[in-house]
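Student: Respectively, the protein sequence lines represent chains A and B.
So in our numbering, spot 65 of the first sequence is number 65, and the numbers just go up one at a time.
Numbers given in our numbering equal positions in the second sequence, counted from 1, plus 1000.
Would you mind keeping the following structure in view while I ask a few things?
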Amino acid sequence: MSDLNKLGLADARDLLRKGETTSVELTESCLSAIDAAGALNAFVHRTPELALERARAADTRLAAGDAPAMCGLPIGIKDLFCTKGVDSQAASNILKGFKPEYESTVSQQLQDAGAVMLGKLNMDEFAMGSSNESSAYGDAISPWRRSDDDTPLTPGGSSGGSAAAVAADLCLAATGTDTGGSIRQPAAFTGTVGIKPTYGRCSRWGIVAFASSLDQAGPMTKSVRDAAIMLEAMCGYDAKDSTSANLAVPNFEAMLTGDIKGKKIGIPREYSIDGMPAEISKLWRDGTEMLKSAGADIVDISLPHTKYALPAYYVIAPAEASSNLARYDGVRFGHRASLDAGDGITEMYEKTRAEGFGAEVQRRVMVGTYVLSAGFYDAYYNRARKVRTLIKKDFEDVFAAGIDAILTPTTPSAAFGLGEMNDADPVQMYLNDVFTITVNLAGLPGISVPTGLDAKGLPLGLQLIGKPWDEGDLLNTAYALEQSAGFVAKPARWW
Amino acid sequence: MSIDQSTAAKVAKLARIKVEEDALPALAEEFNTILGFIEQLNEVDVDGVEPMTSVTPQRLARRADVVTDGNQQEKVLTNAPDAREGFFAVPKVVE
């Protein structure tokens, strides 16, 4: 059987269980696709021997009838996840050569469920970015192109390699992480599905930390059903993460009925921002109609503090990053600068961090240092945390009023060309996350579903935001939207 | 609030990132752009609002204060850029 790499998780699982293919065949198909897709720069560390070894073990389990849902399915892992004995450098030069002695909880759970890791995926350095252009590995390139030119486009970020790899069928699915939109924005840019679960659902242990109060892992997949299958394998209580939620993980796939009759879907008026492209407004209206036709009640709602989410985020996330990234000091792991005669330990720290961190990471670490420094802590950091309380309360109020889920665009535009934002100030790039960032600040689950193409043939996505711990219901609403939208476009192969 | 070059230099020092003298004006300007954006937060009435400490209403989990790990000196040092005789080695700290 050819083109096994083009399958999604659910279809591949079903073929494996029927004995119509093997994990080794699936894995070999993906490895060939990866070898032929160097131009996308999506996989930055390949682990073919390890993959085939795990595939053979999965085939043994399948033959023995011991086959959890992910058993034998080849996936990619974002470089932010520590993987034992395999390079894990968060796309940063400061972690060059770092091979962890341990495995992150999420990647371990996937491995225990039988999933086959094909390698590590490109991303923005330390997950700081919205275009994958801050990576020490160089840009990841989207498999999508505009219909009228060959400009290389961003797959989005920070999980850009994950999005490019899934969209180009280099793997069946991939892990991502999302601090301000880093799963959902790249999913929208590449016509794939990405879900960020409720804060606390996935253990953060072993995932390189960016902003600990916002970071969550999640799956990036080819369908909502695949997202349900993979999310279930990734979730669960972990004593090694003090913010991990000790809650049972439901069978998310079993909750995909497509029945959303009587569900109340909120349309937040504050998300109609100035200058929103007509295509995005139309996409949003169309999506609203789809949910209405499926039997949902559409309700206009207000989330009054929305406009303050981005500025609050750009205090809180850099503050936490400056603290988390203090560990990169050239002592315990990664890069150490070569020193001049007479240099002491302070010079070692300063030179190591100047050489090891890229421009965006340095910028955020310094902004974070500033907002936490004596005299500014109250004015910036504490104020931002108070605003965060208000942003969360906005959502609590609408959910208390009976809203089941909220529909918004995922991004304010389609994917842009690599380098097109070079002359913009950092704030312009930050605006990419205007619709997704509120969800991280409020700790809620959010999912992006591809629902249309723009005039140049590029994919666009809609975001659904759910109640805390209600991923099952959220996935079901997303499933209904996916069925109505019937998005089937794939990028034409040029690589 | 405007950041001048000497403040930018001070922040770089606090963050332990070496910034060359000639890069300071551009850095200060970037800070000002970002902080200008953040200033919007001053429009929000936050009187009586508690600063968020945890996004989900939970206490941090606690465990018994007992040793659960250890005896992994070799593994701990594996990734160190300079490990000697079972220690992390650094430039001289005390004169």
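Idealized CB from N, CA, C, for every residue including glycine.
Quantities reported herein were computed from a predicted structural model and do not represent experimental measurements.
1) To which residues of the same chain is T408 of chain A closer than 6 Å at the C-beta, ignoring the five residues directly before and after it?
2) Taking Cβ-Cβ distances shorter than 8 Å, what residues in chain B pair up with P426 of chain A?
3) In terms of alpha-carbon separation, which member of A:D112, A:P48, A:L231 lies closest to S32 of chain A?
4) Going by C-alpha distance, which of A:P412, A:S484, A:V387, A:W469 is nearest D1047 of chain B?
5) Checking 7 Å against the spacing of the C-beta atoms, do A164 of chain A and C171 of chain A come in under that value?
6) In chain order, what residues of the same chain have a beta carbon less than 6 Å from the beta carbon of K264 of chain A, not counting five sequence neighbours either side?
7) Just the Cα atoms here: how many angstroms apart are R46 of chain A and N132 of chain A?
8) So what's P1177 of chain B in DSSP terms, helix, strand or just coil?
9) Based on Cα-Cα distance, which residue from A:W284, A:A39, A:A359 lies nearest to P152 of chain A?
10) So, is the C-beta of E1074 of chain B closer than 7 Å to a C-beta in chain A?
11) For the beta strand (DSSP E) containing R184 of chain A, name the first residue and the last one.
12) 7 Å is my cut-off, CB to CB: does F1037 of chain B come that close to chain A?
13) DSSP has V193 of chain A in a bridge; who is on the other side?
14) Listed from N- to C-terminal order along the chain, which residues in the stretch 265 to 276 of chain A have their beta-carbon within a distance smaller than 7 Å of any beta-carbon of chain B?
15) Please determine, among A:A248, A:D394, A:A140, A:Y328, the residue with the shortest C-alpha to C-alpha distance to L303 of chain A.
16) Output, in sequence order along the chain, the residues in the stretch 317 to 333 of chain A whose CB is closer than 7 Å to any CB in chain B.
17) Which residues of chain A have a Cβ atom closer than 9 Å to the Cβ of E1050 of chain B, listed in chain order?
18) Pull up the distance between the alpha-carbon of P1091 of chain B and that of G344 of chain A, whole angstroms please.
19) Could you pull out every residue in the same chain whose Cβ sits closer than 7 Å to the Cβ of A294 of chain A, ignoring the five residues on either side in sequence?
20) Check whether the Cβ atoms of L441 of chain A and A309 of chain A lie closer than 7 Å to each other.
21) Taking only runs that begin and end inside the stretch 145 to 189 of chain A, name each unbroken beta strand (DSSP E) of 3 or more residues, in chain order.
22) Just to confirm before moving on: does the CB-CB distance between A489 of chain A and L453 of chain A stay below 7 Å?
23) Please say whether A217 of chain A and C235 of chain A have beta carbons closer to each other than 7 Å?
24) Terminal residues of the continuous beta strand (DSSP E) containing D446 of chain A?
25) Between G181 of chain A and I391 of chain A, which are expected to be in contact by the criterion C-beta below 8 Å, what is the C-beta distance as a whole number of angstroms?
26) Classify S223 of chain A as buried or exposed, calling it buried when 16 or more other Cβ atoms lie within 10 Å of its own Cβ.
27) Would you mind telling me which residues of chain B sit closer than 9 Å to A442 of chain A, beta carbon to beta carbon, in chain order?
28) Verify whether the separation of the beta carbon atoms of Y370 of chain A and V1011 of chain B is less than 7 Å.
29) Kindly indicate if chain D contains any beta-carbon less than 7 Å away from that of P1025 of chain B.
30) Anything in the stretch 391 to 422 of chain A with a Cβ closer than 8 Å to a Cβ of chain B? List those residues in chain order, please.
31) With distances taken Cα to Cα, identify the nearest neighbour of T1078 of chain B among A:K99, A:G206, A:F81.
32) Could you spell out the range, first to last residue, of the beta strand (DSSP E) harbouring M276 of chain A?
33) Would you mind working out which of A:A239, A:P277, A:A228 sits nearest M255 of chain A, comparing C-alpha positions?
34) Buried or exposed, going by whether 16 or more other CB atoms sit within 10 Å of the CB of N1042 of chain B?
35) What are the start and end residues of the alpha helix (DSSP H) that includes D473 of chain A?
36) Which residues of chain A have a Cβ atom closer than 9 Å to the Cβ of A1064 of chain B, listed in chain order?
Tutor: In short:
1) Your numbering for residue 408 of chain A matches position 408 in the first sequence. Taken in chain order, the residues that qualify are Y271, F435, Q463.
2) Mapped onto the first sequence, residue 426 of chain A falls at position 426. Per Cβ cutoff of 8 Å: E1030, T1033, I1034.
3) By 1-based counting over the first sequence, the position of residue 32 of chain A is 32. The option with the nearest alpha carbon to S32 of chain A is A:P48.
4) Taking the second sequence and counting its residues from 1, the one referred to as residue 1047 of chain B is at position 47. When each option's Cα is compared against that of D1047 of chain B, the closest is A:V387.
5) Residue 164 of chain A sits at position 164 when you count from the first residue of the first sequence. Residue 171 of chain A sits at position 171 when you count from the first residue of the first sequence. No, the Cβ-Cβ distance between A164 of chain A and C171 of chain A is not below 7 Å.
6) Residue numbering aside, residue 264 of chain A sits at position 264 when the first sequence is read from its first letter. So the list reads D297, V299, G402, I403, D404, once near-sequence residues are dropped.
7) Sequence index remark: in the first sequence, residue 46 of chain A carries index 46 (1-based). Sequence index remark: in the first sequence, residue 132 of chain A carries index 132 (1-based). Going by the C-alpha atoms only, they are around 19 Å apart.
8) Because chain B spans 1001 through 1095 in this model, residue 1177 of chain B falls outside it and cannot be assessed.
9) If you number the first sequence from 1, residue 152 of chain A lands on position 152. Per the Cα distances, A:A39.
10) Reading the second sequence from its first residue, position 74 is the one you call residue 1074 of chain B. No, E1074 of chain B lies away from the interface with chain A (no Cβ there is under 7 Å from its Cβ).
11) The count along the first sequence starts at 1 and reaches residue 184 of chain A at position 184. Taken as a continuous stretch (DSSP letters only), R184 of chain A belongs to no beta strand (DSSP E), being part of the alpha helix (DSSP H) at 184 to 190.
12) Working through the second sequence from its first residue, we reach residue 1037 of chain B at position 37. True, the Cβ-Cβ gap to chain A drops below 7 Å.
13) Mapped onto the first sequence, residue 193 of chain A falls at position 193. According to DSSP, V193 of chain A bridges with A:T221.
14) none
15) Indexing the first sequence from 1 puts residue 303 of chain A at position 303. Taking only the C-alpha atoms, the option nearest L303 of chain A is A:D394.
16) S322, G330, V331, R332, F333
17) Counted from its first residue, the second sequence places residue 1050 of chain B at position 50. In chain order: R385, K386, T389.
18) Taking the second sequence and counting its residues from 1, one reaches residue 1091 of chain B at position 91. Taking the first sequence and counting its residues from 1, one reaches residue 344 of chain A at position 344. Straight-line Cα distance between these residues: approximately 6 Å.
19) As a position in the first sequence, residue 294 of chain A is number 294, starting the count at 1. Counting only Cβ-Cβ distances below 7 Å, and skipping sequence neighbours, we find I260, A480, S484.
20) Taking the first residue of the first sequence as position 1, residue 441 of chain A is located at position 441. Taking the first residue of the first sequence as position 1, residue 309 of chain A is located at position 309. Yes.
21) 173 to 178
22) Counted from its first residue, the first sequence places residue 489 of chain A at position 489. Counted from its first residue, the first sequence places residue 453 of chain A at position 453. Contact flag set, yes.
23) Counting from 1 along the first sequence, the entry for residue 235 of chain A is found at position 235. Counting from 1 along the first sequence, the entry for residue 217 of chain A is found at position 217. For C235 of chain A and A217 of chain A, no; Cβs fall outside 7 Å.
24) Walking along the first sequence from the start, residue 446 of chain A turns up at place 446. Per the sequence presented here, residue 446 of chain A reads as Gly, with Asp not at that position. Start and end: 446 to 453.
25) Here the question's residue 181 of chain A lines up with position 181 in the first sequence. Here the question's residue 391 of chain A lines up with position 391 in the first sequence. G181 of chain A to I391 of chain A, Cβ: 15 Å. No contact.
26) Position 223 of the first sequence, counted from the first residue, corresponds to residue 223 of chain A. S223 of chain A should be labelled buried.
27) By 1-based counting over the first sequence, the position of residue 442 of chain A is 442. Per Cβ cutoff of 9 Å: V1055.
28) For the purposes of this step, residue 370 of chain A is taken as the residue at position 370 of the first sequence. For the purposes of this step, residue 1011 of chain B is taken as the residue at position 11 of the second sequence. Contact: yes.
29) Considering every chain present, this structure includes no chain D. Its protein chains are A and B.
30) K392
31) Here residue 1078 of chain B refers to the residue found at position 78 of the second sequence. Residue A:K99 is the option with its Cα nearest to T1078 of chain B.
32) Your numbering for residue 276 of chain A matches position 276 in the first sequence. Where M276 of chain A is concerned, there is no enclosing beta strand (DSSP E), given that its DSSP letter is neither H nor E.
33) If you number the first sequence from 1, residue 255 of chain A lands on position 255. Checked all of A:A239, A:P277, A:A228; the closest Cα to M255 of chain A is A:A228.
34) In the second sequence, the residue the question calls residue 1042 of chain B occupies position 42. Per the 10 Å Cβ criterion, exposed.
35) As a first step, residue 473 of chain A is located in the first sequence; it is residue number 473 there, counting from the start. First-last of the alpha helix (DSSP H) with D473 of chain A: 471 to 485.
36) By 1-based counting over the second sequence, the position of residue 1064 of chain B is 64. By Cβ distance, chain A contributes nothing, its closest Cβ being about 11 Å from A1064 of chain B, past 9 Å.
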